[in-house]
Amino acid sequence: MKKDSRLSGVLHVLLHLAEHQSEHHSPMTSESLAKAMDTNPVVIRRIMAGLREQGYVSSEKGHGGGWTLTCDLAQISLRDVYVALGSPSLLAIGSRTEAPACLVEQAVNAALNKTFEEAEQLLVSRFGEVTLAMLSADFHQRFEKTRKKAGKP
Numbered sequence: 008m009k010k011d012s013r014l015s016g017v018l019h020v021l022l023h024l025a026e027h028q029s030e031h032h033s034p035m036t037s038e039s040l041a042k043a044m045d046t047n048p049v050v051i052r053r054i055m056a057g058l059r060e061q062g063y064v065s066s067e068k069g070h071g072g073g074w075t076l077t078c079d080l081a082q083i084s085l086r087d088v089y090v091a092l093g094s095p096s097l098l099a100i101g102s103r104t105e106a107p108a109c110l111v112e113q114a115v116n117a118a119l120n121k122t123f124e125e126a127e128q129l130l131v132s133r134f135g136e137v138t139l140a141m142l143s144a145d146f147h148q149r150f151e152k153t154r155k156k157a158g159k160p
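Under our numbering, the first residue of the sequence shown is numbered 8, with each subsequent residue one higher.
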């Protein structure tokens, strides 16, 4: 079964955008972001639209244009990004039949649906505890370790 990787992809894009802005102080084009993500610029524009609607990014057209992060990474949680994506289903498993006639399957569905709902609530709650600033700090820590292993100053 194919996994929905939109959340992971959007987080990846946002961190690339933040790194680019901190180094270059300029917008990043959909083409550049697409190259970093090994995807099509149209895909980038589509996923960034929900983030723009939430006020996390802005975009400018034309020469010198592109995407800009508009808020502090510490102010954006994984839950914020998840919601901006439309709150996609987090679990790939589900009931065999939505409205079964079999009483046994109804009992199974009731137990599973309650458990799935509780699990999703727990995940979304945990998403709210993790900010993009935390992901960025983790990236920088990993980057420094890699540089030290390679013997670079």
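Glycine included, C-beta positions come from ideal geometry on N, C-alpha and C.
{"Check": "Beta carbon of M44 nearer than 8 Å to that of G16", "Outcome": "yes"}
{"Check": "Endpoints, alpha helix (DSSP H) assigned at G73", "Outcome": "Here G73 belongs to no alpha helix (DSSP H); instead the beta strand (DSSP E) covers G73 to L76."}
{"Check": "Bridge partner(s) assigned by DSSP for E67", "Outcome": "G73"}
{"Check": "Contacts around I62, its chain only, beta-carbon distance under 8 Å, and the 5 residues preceding and following it disregarded", "Outcome": "The identity of residue 62 in the sequence shown is Gly, whereas the question assumes Ile. The residues are T77 and C78."}
{"Check": "Separation of L139 from L22, as counted between CA atoms", "Outcome": "7 Å"}
{"Check": "Beta carbon of A91 nearer than 8 Å to that of L58", "Outcome": "yes"}
{"Check": "Rounded Cβ spacing between A25 and L80 (contact assumed at less than 8 Å)", "Outcome": "6 Å"}
{"Check": "CB contact flag (V88, I51, <8 Å)", "Outcome": "no"}
{"Check": "Helix, strand or coil at T36 according to DSSP, with G and I counted as helix", "Outcome": "coil"}
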